[in-house]
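Asks: Next up is a structure, given as structure tokens.
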Amino acid sequence: MQMTRVDVFEQIFRVFLGLGALVGIVVVAYTLYNAYKYRDTGKAEESDDLPSVGELPTGGKGGKKLFLSFGISAIIVISLVIWTYGMLLYVEDPGDDAREDALDIEVTGESFAWFFEYENGIESTATLRVPAGERVWVETTSGDVWHSFGIPDQRVKADAIPGEYDETWFEADESEAGQQQEIKCFELCGEYHTSMVGTLQIMDADEFDQWMDDQLTMAFTIEDQNESRVTEGYELTLESQESDFEESYTADEFDNGTIEVSDIEQAGEYNVTIESTDGQFEPVEDQFDMTGPVDETYTLEMNATESTANESETNDGGSA
Ligand SMILES: [Cu+2]
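Numbering of the sequence shown is given in numbering that gives the first Met the number 0, commencing with residue 0 and proceeding in unit increments.
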């Protein structure tokens with residue numbers, strides 16, 4: 000199992016706490032032991048060759064104790080530095096595989112809110128939904144002034160600076176599924192800095208996939224000028240400008256003039272054309288930028304020649 004950021008920082012904390020406590024206990028115990036051993040019992044004799052105040056002691060055992068205590072300290076400190084550095088290198092760069100398998104999310108801070116965009120083009124504001132147990136790779140930037148993106152519970156903090164991208168990652172533990180955690184701005188960025196907060200919504204992996212599928216859904220409804228559903232005589236073509244998705248749907252694939260397209264994998268810019276198969280309607284062309292579920296209604300207009308014909312018919316009827 001791979002380590003999460005939280006695991007790394009908790010391990011560093013525990014090792015420092017443990018070693019610190021151990022060193023503290025040894026030093027205090029040795030001090031107390033010596034204080035007791037060399038306590039004033041009133042038995043010292045005047046004739047003893049005692050050092051007086053201000054006089055440096057001479058002799059000794061070749062500084063053995065001094066050497067030992069410096070040596071042990073050096074070993075502890077140097078190995079702590081090397082070990083911690085290694086752990087932090089892992090935090091900085093957990094490996095190329097980790098980068099590729101991760102879910103990519105671009106985070107933009109803009110006074111005074113957080114905006115998120117998933118790698119498939121789906122966007123959200125303030126609430127960042129992520130699957131539990133999956134590595135999330137975050138690229139942060141800013142739309143205006145300096146901000147700093149942070150999720151304290153995930154030990155995440157990254158600068159959000161206009162024109163620059165900082166990157167970081169985190170992985171919510173599977174036991175955290177269903178939790179909401181706080182997203183904050185850690186750079187004093189203006190008047191409403193303290194309200195620049197968001198929510199990290201940790202979801203069960205299956206639930207997250209379901210949510211993402213719902214985001215990648217389009218519904219189209221075809222109506223005529225009288226707002227009643229049109230059920231025949233057209234073909235709708237959907238074409239992505241960012242992937243090679245291109246699909247056509249004929250009127251009989253619609254259900255009472257409505258169709259739901261759920262096999263979309265990439266959001267972003269789409270072109271829609273609706274063509275009449277029997278020449279009764281004017282073609283419709285539209286373009287939209289998908290950032291979430293799409294629900295569009297198109298109105299078909301009677302073909303110009305048809306409508307003139309209709310008009311002259313009514314005129315005839317009127318004069319008769
Ligand atoms: Cu901010």
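Every residue, glycine too, gets a C-beta built ideally from N, C-alpha and C.
None of these values were measured; they are calculated from a predicted model.
Less than 7 Å between C-beta atoms, sequence neighbours within five positions excluded: which residues of the same chain meet that for residue 296?
Replies: For residue 296, where only same-chain residues beyond five positions count, the Cβ hits under 7 Å are 220 and 222.
Asks: Any residue with its Cβ nearer than 5 Å to a heavy atom of ligand 2 should be included. What is that list in chain order?
Replies: Questions concerning ligand 2 fall outside what the structure shown contains, since the ligands it does hold are ligand 1.
Asks: In chain order, what residues of the same chain have a beta carbon less than 6 Å from the beta carbon of residue 157, not counting five sequence neighbours either side?
Replies: Answer for residue 157: 139, 148, 165 and 167, listed in chain order.
Asks: Could you tell me the alpha carbon to alpha carbon distance between residue 244 and residue 141, rounded to whole angstroms?
Replies: Cα to Cα, the separation comes out at about 31 Å.
Asks: Here's the rule: buried if 16 or more other CB atoms are within 10 angstroms of the residue's CB, otherwise exposed. What is residue 107?
Replies: Answer is buried; the Cβ neighbour count reaches 16.
Asks: Under the rule that 16 or more other beta-carbon atoms within 10 Å means buried, what is residue 53, buried or exposed?
Replies: Residue 53 is exposed by the Cβ-count criterion.
Asks: Where does residue 13 land, buried or exposed, given buried means 16+ other C-beta within 10 angstroms?
Replies: Result: exposed.
Asks: For residue 280, which of helix, strand or coil comes out of DSSP?
Replies: Strand.
Asks: Apart from the five residues just before and just after residue 200, which ones in its own chain have a Cβ nearer than 6 Å to its Cβ?
Replies: Excluding sequence neighbours, residue 200 sits near 126, 128 and 179.
Asks: Under 8 Å: do the segment 73 to 86 and the segment 106 to 120 share three or more Cβ pairs, one atom per stretch?
Replies: Result no; under three Cβ-Cβ pairs closer than 8 Å.
Asks: Could you give the C-beta distance for residue 268 and residue 294, rounded to a whole number, given that I count them as a contact under 8 Å?
Replies: That belief does not hold up - the Cβ atoms of residue 268 and residue 294 are roughly 17 Å apart, past 8 Å.
Asks: Near residue 313, what residues of its chain come up, given a Cβ to Cβ distance below 7 Å and the 5 sequence neighbours on each side ignored?
Replies: Residue confidence for residue 313 is low, a pLDDT of 43 falling below 50, so the modelled location carries little weight; the figure read from the coordinates is stated next. Closer than 7 Å at Cβ, skipping near neighbours: no residue.
Asks: Which stretch, first to last residue, makes up the alpha helix (DSSP H) that contains residue 212?
Replies: Element bounds for residue 212: 204 to 214.
Asks: Residue 19 to residue 8, Cα distance in whole Å?
Replies: Cα-Cα distance, rounded: 16 Å.
Asks: Rounded to whole angstroms, what's the CA-CA distance from residue 209 to residue 253? Just pull it up for me.
Replies: One C-alpha to the other measures close to 23 Å.
Asks: Could you tell me how far apart the beta carbons of residue 101 and residue 203 are, in whole angstroms, since I believe they sit closer than 8 Å?
Replies: Contact flag wrong, Cβ pair sits at about 18 Å.
Asks: How about residue 238 and residue 273: are their beta carbons less than 9 Å apart?
Replies: Against a cut-off of 9 Å, the Cβ pair of residue 273 and residue 238 comes out as no contact.
Asks: Extract the residue ranges of the beta strand (DSSP E) inside the segment 239 to 298, only unbroken runs of 3 or more that lie entirely within it.
Replies: With a minimum length of 3 residues, the continuous beta strand (DSSP E) runs that stay inside the segment 239 to 298 are 245 to 249, 257 to 260, 267 to 275 and 283 to 289.
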